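So the sequences go chain by chain: S and F.
Our numbering numbers the first residue of the first sequence as 1234 and each following residue consecutively.
Our numbering numbers the first residue of the second sequence as 13 and each following residue consecutively.
Some notes on the structure that comes next.
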Amino acid sequence: MLKLLNINKIFNESTADEKIALDQINLELKVGDFVTVIGSNGAGKSTMLNMVSGALSPDFGQITIGDHDVTKLPEFKRSQFIGRVFQDPMSGTAPTMTIEENLAIAYSRNRKRGLKIGVDKQRKEFFLHSLERLHLNLENRLNAKVGLLSGGERQALSLLMATFTQPSILLLDEHTAALDPSRAELITNLTEKLVKKDNLTTLMVTHNMQQALDLGNRLIMMDKGQIILEVGEVEKKNLTIEILMEEFQRIRGQKFTSDRTLLSS
Amino acid sequence: MFSAIFGSVEQGFIYAIMALGVYLTFRVLDFPDLTVDGSFVTGAGTAAAMIVLGYHPAIATIVAIVAGFLAGCMTGLLHTKGKINPLLSGILMMIALYSINLRIMGFTVENSVGRPNIPLMNSETLFSQFFKWWGSLGIDESINGFLTSMGIQFVPKTWGTVVVVAILVVIIKLVFDWFLKTEVGLAIRATGDNKKMIRSFSVNTDTLVILGLGLSNALVAFSGALFAQYSKAADIGLGIGMIVIGLASVIIGEAIFGTKTIVRTTLAVIAGAIIYRIVLALALRVEIMDTGDMKLITAIIVIVALILPQYFDKRREKIRKAKRHELRESQTLIKSKEGENLA
């Protein structure tokens, strides 16, 4: 479904700040694959996600979604196929618009936008049913402005908006990192449920090792712009945090250094 | 006094169309568009020039609206494709339009290329055509007859102007409200709200910024075309400070009527435009004031409208906090008393 071929990206090339963000990245996701991505700060996880979404374009390499070569496709065109949830709960929704209006915008993702009323009766019904799945009582607040919702509620809504049009690819960029533990758990469970429901092909970046182990059928570990470890479906079932740390040490010859990762595990 | 206020209401309705345009860019798209100063005159000049050249006033008005739309799109292109800062894009377009407007009005004279004003004293306008029909209805006579019999001294020359502009504004408001609820309208609103989000839902924000600016300036040009026909003249200096007048209307309206929903906010903007005109008319009646002071008064009105709400918000917050504090104090008092009783 998703293929990254030989992706390279260098920031600030030929200056003192030159940084190799992605170095020969090759990755393939089959339909229904749920891949979790871990790695220390600056490992290139988010950069890789931004390559897929089109927010950044690679210096070299090719990206395909299904049969489409999307390497040169601008972000807004690519997002027909891609659902995204950002780390910042503020990023995924329009705060001055109501819940139903936000949902209507998401609903039009893979349809042509015209002069049709955004929230008609039929759609309202559909939005209501979709919101009920969140169990956050948002279905009774269709006309509330999204800016009034809590971070957790906004992130749940973002997740619903990203998934309910059944995108070819779902990208989750540390989407629970800005939430308190109980809210993060709620979103994690919701993620599992919504992804399973439509069998979505998903790529999730996380700082939380436990989350990376709990969710998904595959796992990759990145460091310094490279994928240093790939764990397949069978091995992932028996994986623990300790094994991951040992693996990292074995490959890199040094301790895994990221306070945030250790603390949040 | 009354005739001055009556005139301000008529003008207020015409300016309300411009204010809706300013609301669309300033608030909905979050784009401070200064093109308005130029595109208002583009509307006035195009309509006046075409009327003088013998076109039907309705066609002249429609062409004026299209001209405003194109001017707005140019500003949008400068910003999105040329990557020029929003304020600067508007200023550049405004200054360019000054020359373009002179040229447009210059079409009416053979030897000169530019022309700073066009009088429409004896020309047919949308208003004069409407009055022919309106006069045959005899409504003015009956209303004014009724008012005089009530002992009211002031009677306006005609009620027709206020009726026709009010109807126009109501229609525009309804279409405007409807448009902001369509799929494209929602996308435009989200573009002003959260560009990152709307791009992730397959919307080309550049196209929508250009479209939004075009529509906004189409409204502004429409307002200009009506104003020229209302005041029976187009002048190159008409647009000076127009953006501030538009902003004043938006801010005054929002401060008084609130912004709870789109429908309410557009109503507030229209009301704001009318209130602004009335306040200005009253201010100009103070003896030491001269018409030349108009822009200064406008600036002061906007400054007051910007600062006062902040002051009220702060006060409200203080009162709210004090109340909550009191409540908490009394609760702890009750609790401690309960504790004593138990002991």
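For each residue, glycine too, the CB sits at the ideal point set by N, CA and C.
Since the structure is predicted, the reported quantities are computational estimates derived from the model, not experimental observations.
Cβ pair residue i, residue j closer than 8 Å
i, j, result
"residue 55 of chain F", "residue 233 of chain F", "yes"
"residue 69 of chain F", "residue 77 of chain F", "no"
"residue 1264 of chain S", "residue 1437 of chain S", "no"
"residue 1388 of chain S", "residue 1328 of chain S", "no"
"residue 1292 of chain S", "residue 1458 of chain S", "no"
"residue 1448 of chain S", "residue 1421 of chain S", "yes"
"residue 237 of chain F", "residue 129 of chain F", "no"
"residue 61 of chain F", "residue 116 of chain F", "yes"
"residue 212 of chain F", "residue 1313 of chain S", "no"
"residue 282 of chain F", "residue 185 of chain F", "yes"
"residue 255 of chain F", "residue 40 of chain F", "no"
"residue 189 of chain F", "residue 278 of chain F", "yes"
"residue 1299 of chain S", "residue 1401 of chain S", "yes"
"residue 307 of chain F", "residue 253 of chain F", "yes"
Coarse secondary structure for residue i, derived from DSSP in three states
i, result
"residue 1301 of chain S", "strand"
"residue 1269 of chain S", "strand"
"residue 1495 of chain S", "Caution applies to residue 1495 of chain S, whose pLDDT of 49 falls short of 50 and renders its modelled position unreliable; the model cannot decide the point."
"residue 245 of chain F", "strand"
"residue 96 of chain F", "coil"
"residue 302 of chain F", "coil"
"residue 1261 of chain S", "strand"
"residue 1249 of chain S", "coil"
"residue 341 of chain F", "helix"
"residue 1316 of chain S", "strand"
"residue 1242 of chain S", "strand"
"residue 1446 of chain S", "helix"
"residue 1474 of chain S", "helix"
"residue 42 of chain F", "coil"
"residue 235 of chain F", "helix"
"residue 1256 of chain S", "strand"
"residue 1486 of chain S", "coil"
"residue 1345 of chain S", "coil"
"residue 310 of chain F", "helix"
"residue 164 of chain F", "coil"
"residue 1329 of chain S", "coil"
N-terminal and C-terminal residue of the beta strand (DSSP E) that residue i is part of
i, result
"residue 1454 of chain S", "1451-1456"
"residue 1234 of chain S", "First-last for residue 1234 of chain S: undefined, no H or E at that position."
"residue 1437 of chain S", "1434-1438"
"residue 1407 of chain S", "Element bounds for residue 1407 of chain S: n/a, residue is neither H nor E."
"residue 1462 of chain S", "1459-1464"
Close Cβ partners of residue i (< 8 Å) along its chain, the five nearest in sequence each way excluded
i, result
"residue 1289 of chain S", "1242, 1280 and 1283"
"residue 1485 of chain S", "1456 and 1461"
"residue 93 of chain F", "218"
"residue 1398 of chain S", "1316, 1339, 1340, 1342 and 1343"
"residue 335 of chain F", "none"
Boundaries of the alpha helix (DSSP H) in which residue i is found, first to last residue
i, result
"residue 1355 of chain S", "1354-1365"
"residue 254 of chain F", "254-269"
"residue 28 of chain F", "14-35"
"residue 129 of chain F", "From DSSP, residue 129 of chain F is part of no alpha helix (DSSP H) but of the beta strand (DSSP E) over 129-131."
"residue 1419 of chain S", "1414-1431"
"residue 288 of chain F", "274-297"
"residue 146 of chain F", "138-149"
"residue 1388 of chain S", "1384-1396"
Selection from the options that minimises the alpha carbon distance to residue i
i, options, result
"residue 35 of chain F", "F:60, F:313, F:288 and F:258", "F:258"
"residue 1221 of chain S", "F:139, F:195 and F:72", "There is simply no residue 1221 of chain S to check, as chain S begins at 1234 and stops at 1498 in what is shown."
"residue 79 of chain F", "F:67, F:59 and F:65", "F:59"
"residue 16 of chain F", "F:159, F:231 and F:286", "F:286"
"residue 1238 of chain S", "S:1260, S:1249, S:1252 and S:1245", "S:1260"
"residue 1360 of chain S", "S:1348, S:1471 and S:1374", "S:1374"
"residue 295 of chain F", "F:304, F:284 and F:309", "F:309"
"residue 260 of chain F", "F:297, F:229, F:239 and F:313", "F:313"
Contacting residues, own chain, Cβ-Cβ under 7 Å from residue i (five flanking each side not counted)
i, result
"residue 151 of chain F", "171"
"residue 106 of chain F", "46, 47, 49 and 50"
"residue 85 of chain F", "222, 225 and 226"
"residue 141 of chain F", "69"
"residue 1356 of chain S", "1337 and 1340"
"residue 1272 of chain S", "1278, 1454, 1455 and 1456"
"residue 87 of chain F", "45, 47, 101, 102, 105 and 225"
Cutoff 6 Å; reference residue i; Cβ partners in own chain excluding five residues on either side
i, result
"residue 280 of chain F", "265, 266 and 269"
"residue 1433 of chain S", "1403"
"residue 1417 of chain S", "1409"
"residue 1430 of chain S", "none"
"residue 247 of chain F", "129"
"residue 14 of chain F", "166"
* **Cβ-based contacts, 8 Å cut-off: residues of the stretch 258-274 of chain F near chain B** => Protein chains in the displayed structure are S and F, and chain B is not among them.
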